[in-house]
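Working notes, structure below.
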Amino acid sequence: MRPRLYTEIPRDGENWRFVRSGPSGLEPVPEGAGIPSGADVVVFVPGTEVTAHRVRAAARRPVELTRLATFAIEDDLAVPVESVHVAVSADQDDAGFRIVYAVSHTVMQHWLDQLEAAGLGSARIVPDLSLLPPTEQVDFGRYQLLTVEGSPVAFDNDWPSDVMSALLKGTEANAAPRRAESLTELALWAEAAPRLTDLRQGTYARASETGISLKQFRLPAALAATLFVAWGAQTALSVHTMKNLTTALDAESRAQYAAAFPGQQVPSNPAAALRSRTGSATSVAAPSFQQTSAALYGAVESVSGANLVSLRYDRAIGELRATLTYPAFGADLDLKTAIEATGLQVSLGDTRLEDGRVVGDLSIGGRS
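Laid out in structure tokens, this is it:
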């Protein structure tokens, strides 16, 4: 198990102090002692430089969650949102709220520079606000930590007493907070926490601290490459088969038109021309799965960037329903034109934006 060390960003002129998590609890590390190789170093940063916001945000990807959280706290910030770095807590409460922490890019970069200078470049940066138990109010000498309306806050003790009274008015804050030594208290809270919130997210995310041997990935990589080649070959074969089927259907349509109207020039879209000649009252047989899927595969190949997501054929009405992704809005019209060139009817459904992708539905065929 990796040894864990706790420290906090020192004030100007102060030295770094460390406490170690040991079998018998926390123990101070002698000044000047070296940092064990591979140690998990947690650096506490003061809440006077970080703001905490309680927001409701849910997303599948961390990048999207951060973006939503940034928009959610934009109105609470006294500075432009572009000037702050945002980190989101990993856990949410029963009501679906998360705590979002914001710190200026200037301060965040200054902390990173201090860590690099001290040889702690891979350390985690944990705001003390993220560790505060909801019922606690502590005084660390320079500042106090307490919870106000569900969010942890920090108050500088140098603020005037009337300002402090106005800020604490209406809260359940104690008149006399419990005094504590910051590093030891924060380390105790961190030891009891199931997970720590690291400010090093997004742009400031840490590189992996563990050297990974590529040898352990040789077999999985080889298997993945084999599966990819097999999948690629199968896909290519399917596309080739569908293209051949599309060509055969087109040739059959031309032959049927020539037989029905001998001596006349065969149009580029014989099926559509045949429908217009025979009139709308004539019942047209529902297209088969082979016809509709061949037309769809051929059209998808002709529209660059279009990809098939799902496919379903309704045999009762001869209709193929598909969901696809497109490179941009309007590409569904190109796909529709390509399918209609085979003589089949196409109806476009809803086109929307999902996870940054343009997604649309369509149906081919069906009884008229």
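Residues 113 to 480 in my numbering are what the sequence shown lists, from first letter to last. Backbone N, C-alpha and C fix where the C-beta goes; we use that ideal spot for every residue, glycine too. These figures come from a predicted structure and were not determined experimentally.
Inter-residue spacing [alpha-carbon to alpha-carbon] between residue i and residue j
i	j	result
residue 541	residue 194	No answer is possible for residue 541: the residues shown for the chain start at 113 and end at 480.
residue 403	residue 381	15 Å
residue 160	residue 146	30 Å
residue 116	residue 151	6 Å
residue 122	residue 289	23 Å
residue 405	residue 379	23 Å
Residue i versus the options, residue with shortest Cα-Cα distance
i	options	result
residue 188	438, 305, 263, 418	263
residue 170	140, 203, 318	203
residue 296	156, 466, 115	156
residue 143	310, 259, 217, 126	126
residue 166	368, 174, 206, 423	206
residue 270	221, 234, 468, 252	252
residue 466	137, 173, 371	173
residue 186	158, 411, 212, 148	212
residue 141	215, 462, 119	119
residue 308	138, 199, 360	199
Cβ-based burial, residue i [other Cβ within 10 Å; buried from 16]
i	result
residue 241	buried
residue 510	No answer is possible for residue 510: it lies beyond the span of the chain, which begins at 113 and ends at 480.
residue 168	exposed
residue 323	For residue 323, the predicted model reports a pLDDT of 40, less than 50, meaning its position is unreliable; a value from the coordinates is still stated below. Its Cβ having fewer than 16 others within 10 Å, residue 323 is exposed.
residue 85	The displayed coordinates of the chain run from 113 to 480. Any statement about residue 85 would go beyond what the structure contains.
residue 459	exposed
residue 445	exposed
residue 335	exposed
residue 104	It is not possible to answer for residue 104, since the shown part of the chain is limited to 113 through 480.
residue 416	exposed
residue 431	buried
Whole-number beta carbon distance between residue j and residue i, since they are thought to touch under 8 Å
i	j	result
residue 455	residue 365	6 Å
residue 154	residue 254	Residue 154 to residue 254, Cβ: 20 Å. No contact.
residue 421	residue 408	Wrong, their Cβ atoms sit about 12 Å apart, outside the cutoff.
residue 448	residue 474	7 Å
residue 230	residue 128	6 Å
residue 472	residue 425	Not really, about 18 Å apart at Cβ, beyond 8 Å.
Distance cut-off 7 Å: residue i Cβ against heavy atoms of the ligand GTP
i	result
residue 176	For the ligand GTP, the structure offers nothing, since it holds no ligand at all.
Please give the ranges of any alpha helix (DSSP H) in the segment 400–455, keeping only runs that are unbroken, at least 4 residues long and fully inside the region. For the segment 400–455, whole alpha helix (DSSP H) runs of length 4 or above, ordered along the chain, are 401–414, 443–452.
Considering only residues of the segment 179–217, which uninterrupted alpha helix (DSSP H) runs meet the minimum length of 4 residues and lie entirely inside it, listed in chain order? For the segment 179–217, not a single whole alpha helix (DSSP H) run of length 4 or above is found.
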